[in-house]
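Residue numbers (this note's numbering): 1246 to 1869. Some notes on the structure that comes next.
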């Protein structure tokens, strides 16, 4: 079972119900033909490993994992073991970076080759690639007989941390961390773990398990770098350390026989305040957010009620304040915490995210907070339930066409409305009624329905979708993916073009190029600072395509643009070759769902979804 097949097995396990091979292909970045081939390989693998579980296929519904009784836990363990195996190319690059930053030097190509059991030519080629990747992060690789990573100390440590935590945690734990900790005595590692425990007690909160692990890795990197003579000399001036961090400083100095600067402890304090905490209902109830966080929540609540006519539930206030306080702390420290759900929020739930953003991005106090993009996405994720409850997301009127008994009619209506709050069965019809209505001089179906759903194909000139009598989750996904392109019996269209974007390779040049292209086409009318803030807050990278969507003030005309970046503009900063933009005028806000569905289809049809690892074994763009 290769990594792609393992990812497919994980997706099948998470899906639970039927999904088409095309859906899995889009999720995994491969063709549906590849998915079908991988299914055969997976079934052979499961049989070989003694599992009764198989990947089943049903015509019209798609693929589903038929789990045998008692095998789910064993299958999860198997997947965990598989995911712990890191691709050799990734492992090589991680080992090289650890050697360059956390191992005593001086380093040379010959020395690195011996240390890492590689040939000199391979190392030289790798070092050439590192030069470009490091330059994007504001670092450099020293030239000459010896090599070293040079640049601001925090930038170096942040780069190493971001690299390590870009890969599956199990793979990093098993394959990479041992080399980082190799020179550290087990007693020293236990000491650092005790320091983290004491830090939690002083703060009064427990870190999440991931935060604990990541913090322990950072402490190892910090101690190692200080021993190499690369201590942190400057950090933001924020007063004297607290009594606890002054005590911790002395403990670290005594234990490791090193000099720990006040700057090191200032950064450590800020990192602790920015860590993800392990929340319980009791802890949440006892926690009192800052006055500023509360004030921003009040502003958000007022704006949402004004836009959607429903007050923000009281039980959402404190979670939002907690997220805001964490986001404000990270911004003040300039410490970014990746959000694993950011892509799902901004892309998979794009219509809801855009509708919320059209309100949130007009709240002055929230704009002034200038949260990092991952922290903004955390707020949107919490508010999506509120948006659903308000009924602000458009509900589609379904005409259910049934040529059999009342049991199937009731079942179909029940399942559609149960599985999706976006579908409302307005009426149940027979095929003869539909044919008679569409044959009339003035077809009135569009006054009653947005589309029809039938269990058999309909030969009518009206939007319709065919589903299976099972009305499975896969059927609902099929409806949601296909039908919302229609509105009142017509397909919602947005003008779109493919263009070449002319700009330089620097990220700022790419941003200015997008602003200039959209302004010149008469699609937006806003100043560059406003556009820049919206871009960095709302954009995401999908495969090798930069995706940006905005609905609200400053949009003159609704349109879609798919930009091909010029060769010189394809930079390693974001690893992108293309940019996809959706801008929606406020007057079209009611059609967000069909517009975003159309946009995502164009992205999937024309975006660059090539593998992020090129044929020569290097990353095209380094993972953030």
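Built from N, CA and C at the ideal position, the CB exists for glycine as well.
Under the Cβ criterion (8 Å, minimum of three pairs), the segment 1608–1619 counts as touching the segment 1534–1545.
Here the C-alpha atom of residue 1511 lies approximately 28 Å from the C-alpha atom of residue 1421. A Cβ-Cβ contact shorter than 9 Å links residue 1461 with residue 1437.
Non-local beta-carbon contacts of residue 1771 in its own chain, meaning distances under 7 Å to residues more than five positions away in sequence, involve 1799 in chain order. Inter-residue distance for residue 1762 and residue 1600 is about 24 Å (C-alpha atoms, whole angstroms).
Here residue 1700 is buried, its C-beta having at least 16 other C-beta atoms within 10 Å.
Under the three-state reduction of DSSP, residue 1578 is assigned to helix. DSSP places residue 1699 in the uninterrupted beta strand (DSSP E) bounded by 1696–1699. Here the C-alpha atom of residue 1670 lies approximately 43 Å from the C-alpha atom of residue 1615. The continuous stretches of beta strand (DSSP E) do not include residue 1536, which lies in the alpha helix (DSSP H) extending over residues 1536–1553. A check of alpha carbon separations from residue 1571 across 1602, 1263 and 1618 identifies 1618 as the nearest.
The shortest C-alpha to C-alpha distance from residue 1447 to any of 1577, 1832, 1315 and 1488 is the one to 1488. The Cβ neighbour count for residue 1716, taken over all protein chains shown within 10 Å, is at least 16; the residue is labelled buried.
Partner residues in the beta bridge of residue 1796, as assigned by DSSP, are 1829. Closest option to residue 1339, judged by alpha-carbon separation, among 1457, 1368 and 1557: 1368.
In the three-state DSSP reduction, residue 1617 falls in the coil class, being neither helix nor strand.
In the DSSP assignment, residue 1710 falls within the beta strand (DSSP E) that extends over 1709–1711. Taken atom to atom, the span from the alpha-carbon of residue 1408 to that of residue 1341 is near 12 Å. For residue 1498 and residue 1504, the gap between their C-alpha atoms comes out near 6 Å. For residue 1804, there is no enclosing alpha helix (DSSP H); the residue is part of the beta strand (DSSP E) that begins and ends at 1804–1810. Three or more Cβ pairs closer than 8 Å define a contact, and the segment 1771–1788 falls short of that threshold against the segment 1569–1586. Between the alpha carbons of residue 1684 and residue 1643 lies a distance of about 20 Å. The C-alpha of residue 1514 lies about 30 Å from the C-alpha of residue 1605.
Here residue 1277 is not near residue 1718, since their CB atoms are 9 Å or more apart. If only complete runs of 3 or more residues are kept, the segment 1592–1673 shows the beta strand (DSSP E) at 1641–1646, in order along the chain. Closest in C-alpha terms to residue 1755, from the list 1823, 1557, 1769 and 1724, comes 1823. Taken atom to atom, the span from the alpha-carbon of residue 1284 to that of residue 1827 is near 35 Å. Taking C-beta atoms under 8 Å as the contact rule, residue 1468 and residue 1490 fail to qualify, at a distance of about 16 Å. By a beta-carbon distance limit of 8 Å, residue 1310 does not contact residue 1372. Their separation comes to about 44 Å. The criterion of a C-beta distance shorter than 9 Å is satisfied by residue 1445 and residue 1452.
As the crow flies, the alpha-carbon of residue 1841 is around 53 Å from that of residue 1359. The straight-line gap separating the alpha-carbon atoms of residue 1662 and residue 1654 is approximately 12 Å. In the three-state scheme derived from DSSP, where H, G and I count as helix and E and B as strand, residue 1343 is classed as helix.
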